[in-house]
Each structure stands twice: as C-alpha cells, then as structure tokens.
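Going by full-length UniProt numbering, the first residue of the sequence shown is number 1, and it counts up by one from there. Data block below; observations after.
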Amino acid sequence: MIKLAVNLSMIFTEVPLIERFALARAQGFNHVEIQFPYELSIEQIQTQLTVHDLTLCLINVPAGDLMQGGNGLAGVPGKEIEFHQAVEKALAYATALNVPSVNILAGRQPQDADLLPCLNTLSANFKMACHMFSHTGIQPVFEMINGTDMPRFLVQNIAQAQEMLEAVQHPALKMQYDCYHLAMMGEDILEGLQENIEFIGHIQFADCAGRHEPDTGSINYASIFTWLKQSPYTGFIAAEYRPSQASEKTFAWKDKYFA
C-alpha cells in the first residue's frame with residue numbers, strides 16, 4: 001500500500017511553515033515531511049499534527065551551513081562533534097513526534113580537502129548515527145543529490161550510494177531515493193528503483209528538468225507509480241517539488257495517479 005506524503009518545506013510556501021499543515025490536510029494528504037523543522041518547537045509541530053490528523057514521516061538531521069552554500073557536517077573532517085550534536089537534535093524531534101525516518105545529508109567535499117578522508121568521515125558518521133538510532137526504531141536514510149544543483153556533493157548517484165552502504169555495513173541504513181536528483185544525474189529512474197528497492201527507505205519525486213510537479217518534465221511517472229504500487233516497497237513516497245504555480249493548483253497528478 002502506497003503511503004503518499006507532501007513536503008512542507010518546498011510546497012505551500014505561500015504561507016509560514018506552521019500554516020502549511022492545514023493546507024496539506026485540505027488537499028487530502030495524511031502524511032507530511034519537513035526538511036528542517038527546527039524553526040518550530042516540538043510542541044508546535046505536535047499540535048499541528050494532532051489538530052489536522054497528520055503524521056510526520058521524515059525530517060533531516062541539521063546540516064550546518066550546507067543549505068547556505070557551505071560544506072555541511074556529515075562528510076567534513078573535523079566537524080564530528082557538531083555532527084553528533086545535530087543527530088542528537090534530530091533524534092529528540094523524531095522520537096517525540098514519532099517520525100519513522102531521518103535523512104542524513106552527506107554534504108560537500110571541501111575544496112581544500114581530499115575525497116577519501118571525506119568519504120571515510122562520512123561512513124564513520126553514518127555508523128555513529130546508525131548506532132544512535134538503533135534503540136529507537138527510527139530508520140536513518142541518506143540521499144543522492146545531483147552535482148549541478150549542489151556541486152561537490154559527496155553522494156551523487158546510485159553507484160556511490162551502493163558503495164557507501166557497503167562501507168557502512170549497517171542493516172538499518174537505507175537510501176533516500178529522490179527521482180529528480182537521479183534524473184539530473186542521467187540515471188534510469190525506474191530501473192534504479194527495480195534494482196535497488198530492498199535498499200531504499202524513502203522515495204521523493206519531482207519532475208526533471210525544473211523540479212516542478214509531475215507531468216511538467218521528462219520523467220515517466222505513470223510507469224514509475226504503477227510499478228511502485230505493485231512492488232514490495234512499503235515506505236513513503238513524498239512530493240518534494242517546486243510548484244510551477246500556486247501550490248494548490250499543482251495537484252492534478254494526485255488525482256491522476258493516486259485517486
């Protein structure tokens with residue numbers, strides 16, 4: 001059974017974050033995800049989830065300066081203490097709000113650093129995070145982000161994600177499979193899903209190019225969604241796109257593919 005979610009960090013941005021929960025419910029969603037929920041308190045989020053009968057299915061570990069053009073935390077040698085503190089913060093939110101998955105952003109290779117130490121730092125930090133999550137039942141995931149939108153990102157394609165899973169060797173760690181980012185990297189989206197579904201813990205979608213809603217670009221979501229509905233995947237799939245117009249006018253795909 002497909003569990004459909006909507007990303008409140010990229011959709012409904014016409015209003016402040018705290019008002020987006022109501023809009024998600026109005027569009028018929030039962031589940032939401034938030035990239036970085038930390039501008040709101042746990043209590044504020046819990047109130048919104050309760051009032052609107054929603055579940056929060058994914059948050060990100062705080063990523064330092066990554067979203068402002070910096071290198072982030074997880075793959076940067078010397079930032080291990082800051083990363084540990086970031087995981088603790090994410091754990092506090094995820095535990096209190098019953099969030100089933102937490103995404104760890106690998107970050108960028110610093111321009112003055114060699115690649116191998118960064119990858120070693122990243123795998124060690126992933127192992128540490130898996131250990132921290134292990135007693136909670138919360139699943140850690142990490143995503144591939146294309147090198148055009150985020151140059152020097154440490155995990156950009158499926159092969160690199162597979163290598164990282166082999167390096168970490170922890171059964172809880174899974175891929176977060178973002179169809180847009182992988183399309184930007186030239187991957188075959190459906191084939192990648194079919195070959196790696198057992199290693200995927202969370203799926204996000206937007207069309208490519210443009211990162212708008214489905215059916216505005218070149219990705220064949222009819223075949224992808226059809227396959228996912230028949231697949232063994234039991235996780236969430238989340239709309240994480242930049243609306244091409246007012247958010248409320250961009251949900252034709254929902255009735256088309258998930259009615």
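All C-beta atoms in this analysis are idealised placements derived from N, C-alpha and C, irrespective of residue type, glycine included.
Could you round the C-beta distance between residue i and residue j to whole angstroms and report it? I think they count as a contact, below 8 Å.
i    : j    : result
G201 : K174 : 3 Å
E240 : F205 : 7 Å
M67  : R242 : The pair is not a contact, with the Cβ atoms about 15 Å apart (cut-off 8 Å).
H181 : I145 : 5 Å
S123 : V168 : 5 Å
F12  : R25  : No, F12 and R25 are not in contact; Cβ-Cβ is about 11 Å, not under 8 Å.
E43  : A246 : Not a contact, Cβ separation roughly 30 Å.
N125 : E80  : 7 Å
H31  : L4   : 7 Å
Might you give, ordered along the chain, the residues of its own chain that have their beta carbon closer than 8 Å to the beta carbon of residue i, omitting 5 neighbours on each side?
i    : result
Q46  : A96 and L97
S218 : A183, D207, C208 and A209
C118 : G75, V76, P77, Q109, P110 and L154
E82  : G64 and L73
Please list the terminal residues of the continuous beta strand (DSSP E) segment that includes residue i.
i    : result
V32  : H31 to I34
L73  : No beta strand (DSSP E) holds L73; DSSP gives it neither H nor E.
A172 : Looking at the DSSP string, A172 is not in any beta strand (DSSP E), and its letter there is neither H nor E.
V141 : Q139 to E143
A6   : For the record, residue 6 in the displayed sequence is Val; it is not Ala. From DSSP, the beta strand (DSSP E) with V6 extends over K3 to N7.
Give me, in chain order, the residues of the same chain whose beta-carbon lies closer than 7 Å to that of residue i; leave out the 5 immediate sequence neighbours on both sides.
i    : result
V87  : V61, A129 and M132
H170 : K127 and C130
S231 : I197
E39  : L17
A22  : H52
In terms of residue numbering, what span does the alpha helix (DSSP H) encompassing residue i cover?
i           : result
L116        : L115 to F133
residue 295 : Missing from the structure shown is residue 295; the chain here goes from 1 to 259 and no further.
E43         : I42 to V51
I158        : I158 to V168
A63         : Careful: A63 lies outside any alpha helix (DSSP H) and carries neither H nor E.
Y180        : C179 to M184
E19         : L17 to A26
Taking 8 Å as the threshold (beta carbon to beta carbon), is residue i in contact with chain E?
i   : result
Q44 : No chain E is present in this structure, which holds just one protein chain.
Can you name, in chain order, every residue of its own chain whose Cβ lies under 6 Å from the Cβ of residue i, other than the five neighbours on each side?
i    : result
I203 : Y177 and I237
Y257 : F225
N71  : G107, R108 and P110
A252 : none
R152 : R108 and Q109
I34  : L8, S9 and I59
P214 : D207, Y221 and W253
Pair every Cβ in the region 108 to 116 with every Cβ in the region 52 to 59, then say whether three or more of these pairs are closer than 8 Å.
-> no
Check whether the region 138 to 158 touches the region 88 to 104, taking contact to mean three or more Cβ pairs, one atom from each stretch, closer than 8 Å.
-> yes
Considering only residues of the region 76 to 111, which uninterrupted alpha helix (DSSP H) runs meet the minimum length of 4 residues and lie entirely inside it, listed in chain order?
-> 80 to 97
Alpha helix (DSSP H) segments (min. 4 residues) lying fully within the region 204 to 255 = 221 to 230
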